[in-house]
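**Q**
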Amino acid sequence: MTTTGFQAAWVVDPARPDQPDAATMLWEYYEEIVARYHRRPLRAGEVEAAMAEFPSDDLVAPTGIFLVARHEGGLAGCAGLRFRPGWAELTRVYVRPQRRGRGGGAALLAAAEARARSAGADRIRLDTRSDLVEARALYARHGYVEIPAYSRDEYAEHWFEKLL
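FYI, the numbering for the sequence shown is 5 to 168, going by the working numbering.
#1: Of all the options E161, R100, W91, which has the alpha carbon lying nearest to the alpha carbon of A153?
#2: Comparing C-alpha positions only, which one of D25, R43, Q23 sits nearest to S134?
#3: Let me check understanding here. Comparing Cα to Cα, which of E117, A39, D22 lies closest to L136?
#4: If you reduce the DSSP assignment to three classes, tell me which class T95 lands in.
#5: Please name the residue or residues paired with I151 in a DSSP beta bridge.
#6: In the DSSP assignment, find the unbroken beta strand (DSSP E) run with T132 in it and report its ends.
#7: If you draw a straight line from the alpha carbon of R88 to that of R140, how long is it in whole angstroms?
#8: Would you list the one or two residues that DSSP bridges to F87?
#9: Do you know how far the Cα of G107 is from the Cα of T8?
#10: Could you tell me which residues DSSP puts in a beta bridge with G68?
#11: For T7, which of helix, strand or coil comes out of DSSP?
#12: Under the assumption that G81 contacts V99 (Cβ atoms under 8 angstroms), give the Cβ distance between them as a whole number of angstroms.
#13: Is the distance from the Cβ of R129 to the Cβ of W91 below 8 angstroms?
#14: Could you spell out where the beta strand (DSSP E) holding P24 opens and where it closes?
#15: Under DSSP, the beta strand (DSSP E) around A3 begins and ends at which residues?
#16: On the criterion of 16 or more Cβ atoms from any shown chain inside 10 Å, does F164 qualify as buried, or is it exposed?
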């Protein structure tokens, strides 16, 4: 799926989480998430521990899908969807820092929403943390509204939903 971004086209395609580009994006996602949570540089083994605690093996058909974004031909971001009965859960949304501000978040959301609709979902839900201010702003700009908690993830502090 190609969408027009800020300066150039974004291309968002499915990939298995264990494929090299997808694995790279997942690693970078976890590096940022863990460092921001602890508000300090990463320590040895923290990314591996987070990836083991929250594996991505359910982000493949039929339980989900993992999306990898490219911008101007370069690897640029990712997002995942887990399919639930009647709805989908958005997870692992990440855009490389040097690619931010160019429409990548919007491209990933549009691709995820299209995939969710195709799978029969009538809404997308997600959870996020208070420190991920930019992510919460992105979701709000694209029609996601805060809802009561639908999960018990110990790291979740905000829950959003968008009707498709």
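Each residue gets a CB set at the ideal place from its N, CA and C atoms; glycine is no exception.
**A** Put simply:
#1: For the residues E161, R100, W91, the minimum Cα distance to A153 belongs to E161.
#2: If we check each option's Cα against that of S134, R43 comes out closest.
#3: Selected option, being the one with the closest Cα: A39.
#4: In the structure shown, T95 adopts extended strand secondary structure according to DSSP, grouped into three states.
#5: Per DSSP, W163.
#6: Here the beta strand (DSSP E) through T132 covers 127 to 132.
#7: Approximately 22 angstroms between the Cα atoms of the pair.
#8: Answer is A92.
#9: Residue placement at T8 is flagged as unreliable, the pLDDT there being 46, under the threshold of 50; a coordinate-derived value is accordingly withheld.
#10: In the DSSP output, where bridge partners are listed per residue, G68 has R86.
#11: The predicted model places T7 with a pLDDT of 49, which falls under 50 and marks its position as unreliable; any figure quoted below should be read in that light. Here T7 sits in strand by DSSP.
#12: With 8 angstroms as the limit, G81 and V99 qualify as a contact, their Cβ atoms being about 4 angstroms apart.
#13: When the beta-carbon positions are compared, R129 and W91 come within less than 8 angstroms of each other.
#14: It is not in any beta strand (DSSP E) - P24 instead sits in the alpha helix (DSSP H) that spans 24 to 42.
#15: Here the chain covers residues 5 to 168 and nothing more, so residue 3 does not appear.
#16: By the 10 Å Cβ count, F164 comes out buried.
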